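Visitor: Quick note: the sequence shown uses our numbering, first residue -14, plus one each step. Where a beta carbon is used, it is the ideal one built from N, C-alpha and C, also for glycine. Owing to the predicted nature of the structure, the values given are computational and were not obtained by experimental measurement.
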Amino acid sequence: MRLLIATTNPDKLREIRHLLAHVPVDLVSLRDLPPFPEPEETGTTFQENARLKALYYNARTRADPPRGPRGSSAVGCEIGPFDYTVAEDSGLVVDALDGEPGVHSARFLRADASYPERFAEIYRRLAERPGRPRTARFVCALAVARDGRVAYETTGVIEGEIAAAPRGTAGFGYDPIFFYPPYGSTLAEVTEDAKLRVAHRGEAFRKLASWLKEGM
Ligand code: IMP
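(1) With a threshold of 8 Å, establish whether the CB of V88 neighbours any heavy atom of the ligand IMP.
(2) Does the stretch 30 to 40 come within contact of the stretch -1 to 18, defined as at least 3 CB pairs closer than 8 Å?
(3) In three-state terms, what does DSSP make of P9?
(4) Using 8 Å as the cut-off, classify the Cβ of G169 as near or not near the heavy atoms of the ligand IMP, replying yes or no.
(5) Report, in whole angstroms, the separation of the C-beta atoms of I143 and H185, which I expect to be a contact under 8 Å.
(6) Roughly how many whole angstroms lie between the Cα atoms of E146 and P166?
(7) Quick one: is the Cβ of D160 within less than 8 Å of any heavy atom of the ligand IMP?
(8) Who pairs with I143 in a beta bridge, going by DSSP?
(9) For the beta strand (DSSP E) containing E73, list its first residue and its last residue.
(10) If you measure between the beta carbons of A72 and A35, is that distance less than 9 Å?
Written out as structure tokens, the structure is:
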């Protein structure tokens, strides 16, 4: 079974390979395909964006690609088709910031901002809201497309708090500011194994693994 994992993010990909390692599937990512335009992530929810990406990349890698309005074609035919196209959209939701950065997590502040700059901005905004809870969560929405329709979707969530200050060097993205109370540490202070046991992407891709195995 061949799966297209519709991401170019090397950190997500490493986690996803880890999570699907025990499922007998051939994983191909967008990094293995010739570059082609990314869809605009116009959804207002993680789920909408996951669906939009799964359907877009599925259409672009079908054996019988639908033609665009100007006859634009797919690129994946020589590498595809795939049994399933799997896309995920994820991010950090901070309650005191009314859900920000949320679906804008990857581009928060500026598309090219560094994570330390983003952390500083989050702490600056939190300081303007003293007394508000520091609760936050990571959300991962996952969608699987096949033959132009969504065949499966699910989500994973991890509840935590914004740490008093960034800590740790493991993980990626916002992990250094995400404090997970049961571990007494941020997600950047634990091994990848420990992170994935409890984190959003771990939950979502474990559900996907069960669904794939049921169909085998
Ligand atoms: P997406 O590619 O639009 O789904 O962007 C997801 C963004 O959310 C990433 O670029 C990170 O900034 C953030 N994010 C998602 N998952 C994690 C995680 O597990 N740890 C830290 N940051 C994450």
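Guide: Considering the structure as presented:
(1) Within the cutoff, so yes.
(2) At 8 Å Cβ cutoff, the stretches do not touch.
(3) Coil.
(4) Flag unset: Cβ of G169 not near the ligand IMP.
(5) Contact flag correct, Cβ pair sits at about 5 Å.
(6) The alpha-carbon of E146 is positioned some 8 Å away from that of P166.
(7) Yes.
(8) For I143, which the question treats as bridged, DSSP gives the partners F123.
(9) Residue range Y69 to V79 is occupied by the beta strand (DSSP E) that includes E73.
(10) Result yes, Cβ atoms of A72 and A35 sit closer than 9 Å.
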